[in-house]
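Q: With the working numbering, letter number 368 in the sequence shown gets 384, and the count goes up by one each step, no holes. Mind looking over this structure? Questions follow.
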Amino acid sequence: MTPEVERAVAASPFAALGLDASIVRAVLDENYTQPSPIQTEVIPHALAGRDVLAGAQTGTGKTAAFVLPILQHLGGPGHALPASKAIRALILTPTRELAVQIAERVAVYGRHLRVRHAVIYGGVSQHRQEVALKTAPDLVVATPGRLLDLLQQKLVRLDGVTHFVLDEADRMLDMGFVRDVRRIAAMLPAKRQTLFFSATISSTIETLARTMLVNPARVSIAPTVTTAETVDQSVVFVPWAEKRALLERVLREGMAGRTLVFTRTKHGASRLSEQLERAGIGSLAIHGNKTQAARERALDAFRRGTTRVLVATDVAARGLDIDGISLVINFDLPNVAESYVHRIGRTGRAGATGRALSFVDRDERPLLADIERLIRRRLPVIAGPAAGSTPVAAEAVALRR
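Given below as structure tokens:
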């Protein structure tokens, strides 16, 4: 490091948390200057070797909160890598997209360390993942189903794991993975550090955490019912039959920028994306029925900006960490009010501002009431089409404000 870089590293608030210079340097390379609240709370406990139970949503910086201390334990000064080829750290996450994103962060934050990592998930051929595992990774990021498959085939062992992360535990439960998670946890050494993250800390989550954690430090950041102050939220009342025309109008006239559109069903996401394409509005869809290759292509195009509109279901979009999403549109309101908070959290991240616009027809008004009870506020209504009329441009004007 140059003297200038050494001074910047030494003066960084990340160094004050106890992180080594090689890791702080990688963080500064990403232009991060201040740790987020979840990082400030979790990193010192994690570096001290304590178990942690953290309530934190996506978009709070929680990935770095667990990746940075684990990298330091694995490869920082005074933590020499052992001669053993055992996997020492396991990060378990519910979706393929989130697994890939976490692995990317591991590579970025660990660029100045000699820590090998691999990512394994379903939906693709396992051959390349087998090859990656043969390189003796120190850290593995995995989804539960594929990891269990490889364990049953005796292609991977977990008896050397010293650090275990369970990310998005509430989504694990929602997606029916709790039995898989318990099976995997039972294969880990009893003597280990466990970092447990969940957007919500329900009684079910508490019960699961008690089976995995020993005297954990408890951290709670941004309660679930809190929606980001940086997101300008509004509602348009519109008959269901007019939603698509209204969406096209908003996307054409609203100067919305990069836009994430949520639908309730996989079929609805595909159909809406195809309709937008026919209308001359470039869009792609991601949902559980898409192949992994197709999902990765869509996400890459959305990240690079070659596709401005991404249509997604809740499960497919949970955990997406894409900068620069300026607008989230709830084409359909979610059946579960908490999903609204997760959806709009895709914009207004890391201090940026964003907008969230919800299309609500007559049958969805009870769902809107549930959302407003959860977030403890009434959402402002902007002008929209009346029944039987053609969509008006008031919502586009609102987007230009």
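Don't be surprised by glycine CBs; every beta carbon is placed ideally from N, CA and C.
To the nearest angstrom, how far is it from the Cα of methionine 250 to the Cα of alanine 385?
A: Rather than methionine, the amino acid found at residue 250 in this sequence is serine. Approximately 14 Å, taken between the alpha carbons.
Q: I need the boundaries of the alpha helix (DSSP H) containing leucine 155, first residue and last residue.
A: Note, leucine 155: premise wrong, no alpha helix (DSSP H); beta strand (DSSP E) at 155 to 158.
Q: What is the DSSP secondary structure of alanine 310, counted as helix, strand or coil?
A: Alanine 310 falls in the helix class under three-state DSSP.
Q: Express the C-alpha separation of threonine 79 and histidine 179 in angstroms, rounding to a whole number.
A: Between histidine 179 and threonine 79, the C-alpha separation is close to 15 Å.
Q: Going by the CB atoms, is the gap between alanine 105 and leucine 33 shorter than 7 Å?
A: No, Cβ-Cβ distance for leucine 33 and alanine 105 is not below 7 Å.
Q: Taking contact to mean at least 3 C-beta pairs separated by less than 8 Å, is the stretch 184 to 194 in contact with the stretch 202 to 209?
A: At 8 Å Cβ cutoff, the stretches do not touch.
Q: How would you label glycine 364, buried or exposed, when you count the other beta carbons within 10 angstroms and need 16 or more for buried?
A: Buried, since its Cβ has 16 or more Cβ neighbours within 10 Å.
Q: Whole angstroms are fine: how far does the CA of lysine 306 sit from the CA of valine 352?
A: Spanning the two alpha carbons is a distance of roughly 23 Å.
Q: Out of Asp190, Ile338, Leu114 and Tyr48, which has the shortest C-alpha to C-alpha gap to threonine 159?
A: Among Asp190, Ile338, Leu114 and Tyr48, the Cα nearest to that of threonine 159 is on Leu114.
Q: Assuming serine 299 and threonine 323 are in contact, meaning their beta carbons sit under 8 Å apart, how far apart are those beta carbons, in whole angstroms?
A: 7 Å between Cβ atoms; contact.
Q: Throw me the rounded Cβ distance for the valine 116 and alanine 81 pair, which I believe falls under 8 Å.
A: Contact flag wrong, Cβ pair sits at about 19 Å.
Q: Taking the straight line between their C-alpha atoms, what separation do you get for threonine 406 and leucine 211?
A: Only weak support exists for where threonine 406 lies, its pLDDT of 37 falling under 50; the coordinates are left without a value.
Q: With DSSP as the reference, please indicate the residues paired to valine 181 in a beta bridge.
A: The partner list for valine 181 (beta bridge, DSSP) reads Ile107 and Leu211.
Q: For valine 40, which residues from the same chain have a beta carbon less than 7 Å from its beta carbon, with the 5 sequence-adjacent residues on both sides left out?
A: Same-chain partners within the cutoff: Val25, Ser28, Phe30 and Ala31.
Q: For arginine 128, name the three-state secondary structure that DSSP assigns.
A: The sequence shown places histidine at residue 128, rather than the arginine named in the question. Coil, per DSSP.
Q: Which of the three DSSP states, helix, strand or coil, is assigned to histidine 303?
A: Note: histidine 303 maps to coil in three-state DSSP.
Q: By Cβ distance below 8 Å, which residues in the same chain neighbour leucine 314 in space, the five residues on each side in sequence not counted?
A: It should be noted that the sequence gives alanine, not leucine, for residue 314. Same-chain partners within the cutoff: Leu300, Ala301, Ile302, Lys306, Thr323 and Leu326.
Q: Which residues mark the beginning and the end of the alpha helix (DSSP H) in which phenylalanine 375 is found?
A: That residue, phenylalanine 375, is in no alpha helix (DSSP H); its beta strand (DSSP E) goes 370 to 376.
Q: Whose C-alpha, out of Arg121, Ile345 and His89, is nearest the C-alpha of glycine 77?
A: Of the listed residues, the one whose Cα sits closest to glycine 77 is Arg121.
Q: Suppose the cutoff is 7 Å on Cβ atoms and the five residues either side in sequence are ignored; what does the same chain contact list for proline 153 look like?
A: Excluding sequence neighbours, proline 153 sits near Ile103, Arg132, His133 and Ala134.
Q: Taking the DSSP output, what are the residues bridged to histidine 133?
A: Partner(s): Leu155.
Q: Determine contact between the stretch 63 to 70 and the stretch 159 to 168, defined as no fewer than three beta-carbon pairs at a distance below 8 Å.
A: With a cut-off of 8 Å, the stretch 159 to 168 and the stretch 63 to 70 do not count as touching, because too few Cβ pairs lie within range.
Q: State the Cα-Cα distance for the pair arginine 112 and tyrosine 137, rounded to the nearest angstrom.
A: For arginine 112 and tyrosine 137, the distance between alpha carbons rounds to 6 Å.
Q: When DSSP builds the beta bridges, which residues end up paired with arginine 234?
A: DSSP, once it has assigned bridges, lists Leu69 as partnering arginine 234.
Q: So isoleucine 341 packs on arginine 274, CB below 8 Å; how close in whole Å?
A: Sure, about 5 Å apart at Cβ, within 8 Å.
Q: Given this structure, state the Cα-to-Cα distance separating threonine 240 from proline 19, to the nearest angstrom.
A: Model confidence at threonine 240 stands at a pLDDT of 42, short of 50, so the residue's coordinates are unreliable; what they give is reported in the following sentence. Straight-line Cα distance between these residues: approximately 43 Å.
Q: Any heavy atom of the ligand HEM within a distance shorter than 6 Å of the CB on leucine 129?
A: Among the ligands in the structure shown, none appear at all, so the ligand HEM cannot be discussed.
Q: Just to confirm the assignment, what range does the beta strand (DSSP E) spanning threonine 275 have?
A: Looking at the DSSP string, the run of the beta strand (DSSP E) that includes threonine 275 is 275 to 278.
Q: Around the Cβ of glutamate 380, are there at least 16 other Cβ atoms within 10 angstroms (buried) or fewer (exposed)?
A: Buried, by the Cβ-count rule.
Q: Bridge partners for isoleucine 345 per DSSP, in chain order?
A: Beta-bridge pairing links isoleucine 345 to Val277 and Leu373.
Q: Helix, strand or coil for valine 58 per DSSP?
A: Helix, per DSSP.
Q: By the DSSP assignment, the alpha helix (DSSP H) with glutamine 291 in it spans what residues?
A: Where glutamine 291 is concerned, the enclosing alpha helix (DSSP H) stretches over 282 to 294.
Q: Smallest Cα separation from alanine 233: which of Gly71, Gly176, Phe375 and Leu262?
A: With distances taken between Cα atoms, alanine 233 lies closest to Gly71.
Q: For leucine 326, list the residues DSSP reports as bridge partners.
A: Leu276 and Leu300.
Q: Helix, strand or coil for valine 252, going by three-state DSSP, please let me know.
A: Note: valine 252 maps to strand in three-state DSSP.
Q: Quick one: what's got a C-beta closer than 6 Å to isoleucine 345's C-beta in the same chain, skipping five residues either side?
A: Here the set comprises Val277 and Leu373.
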